[in-house]
Amino acid sequence: MKTVCSALLFLVLFQANAQDSLATKKIDSLVTSINNSTLPVIRDSVINEVPAIGFSSRAYISMVLLENKVLKYTQHTFLTSLENGATNKLETNSTFYYQEQYLIKVEEYAKEGDKKQEAHWYYHEGKPIYWTSSAENAASRAEQLIKISDAMVNAIQSRINK
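Just so we're aligned: the sequence shown equals residues -18 to -1, 1 to 144 in mature numbering (1 follows the signal peptide of the UniProt record, and there is no 0).
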């Protein structure tokens, strides 16, 4: 009986993992289609410099829209700060992908010196389904990204609809 229960548990876990794997492969396929599309890319930048405190940031933003709906939004940021005579540089990148206004994936990385952290977050019907981050706060970060995405899409849509 114990063997049967173990086998059933294995099959249930394998089935759940296989479903997640299939879903992430489908999402990655959509992301590849978006990245390979010939749709125009809208670009902008924001530069903020505060020499008095030794701070500067440069954010490069790009968007891909289809019929006034966001398909892809990327923010690539370079931060420089001066602390105790030492210059610190941080590079971050967040890319949000959408299908029919639903968030489907977020790719993030942060690089400081030789250290680089990277994580991907997958979503289905407004809920996180899988992430590559092993950080303790990975689940809460997945939820936070939904809120960031919703606010961002609403702000973009309100500007488009003006």
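Backbone N, C-alpha and C fix where the C-beta goes; we use that ideal spot for every residue, glycine too.
**Asked** Going straight from the alpha carbon of Tyr42 to that of Leu61, what length do you get?
**Response** 12 Å
**Asked** Going by the beta-carbon positions, is the gap between Val28 and Val46 smaller than 8 Å?
**Response** no
**Prompt:** How big is the Cα-Cα spacing for Lys54 and Glu31?
**Reply:** Lys54 and Glu31: Cα-Cα distance of roughly 27 Å.
**Prompt:** Alpha carbon to alpha carbon, what distance is there between Arg25 and residue 153?
**Reply:** Residue 153 cannot be examined here, being either before or after the span of the chain that is shown, -18 to 144.
**Asked** Considering only residues of the same chain and omitting the five flanking positions on each side of Ile35, which have a CB-CB separation below 6 Å?
**Response** Around Ile35, the same chain offers no residue with a beta carbon nearer than 6 Å, after the five sequence neighbours per side are excluded.
**Request:** Under 8 Å by Cβ, that's how I've got Ile128 and Val52 pegged, so tell me the actual separation to the nearest angstrom.
**Result:** Not really, about 14 Å apart at Cβ, beyond 8 Å.
**Prompt:** Cβ of Ser44 within 8 Å of Cβ of Thr59?
**Reply:** no
**Prompt:** By DSSP, does Leu12 sit in helix, in strand, or in coil?
**Reply:** helix
**Prompt:** When burial is assigned at 16 or more other CB atoms within 10 Å of the CB, is Asn143 buried or exposed?
**Reply:** Answer is exposed; the Cβ neighbour count stays below 16.
**Message:** Using CA atoms only, rank isn't needed, just tell me which of Tyr84, Tyr105, Met134, Leu64 is closest to Ser39.
**Reply:** Leu64
**Message:** Once DSSP output is grouped into helix, strand and coil, what is the label at Glu125?
**Reply:** Correct three-state label for Glu125: helix.
**Asked** Is DSSP giving Ser131 helix, strand or coil here?
**Response** helix
**Request:** Look at the alpha carbon of Glu118 and the alpha carbon of Tyr79, and state the distance between them as a whole number of angstroms.
**Result:** 24 Å
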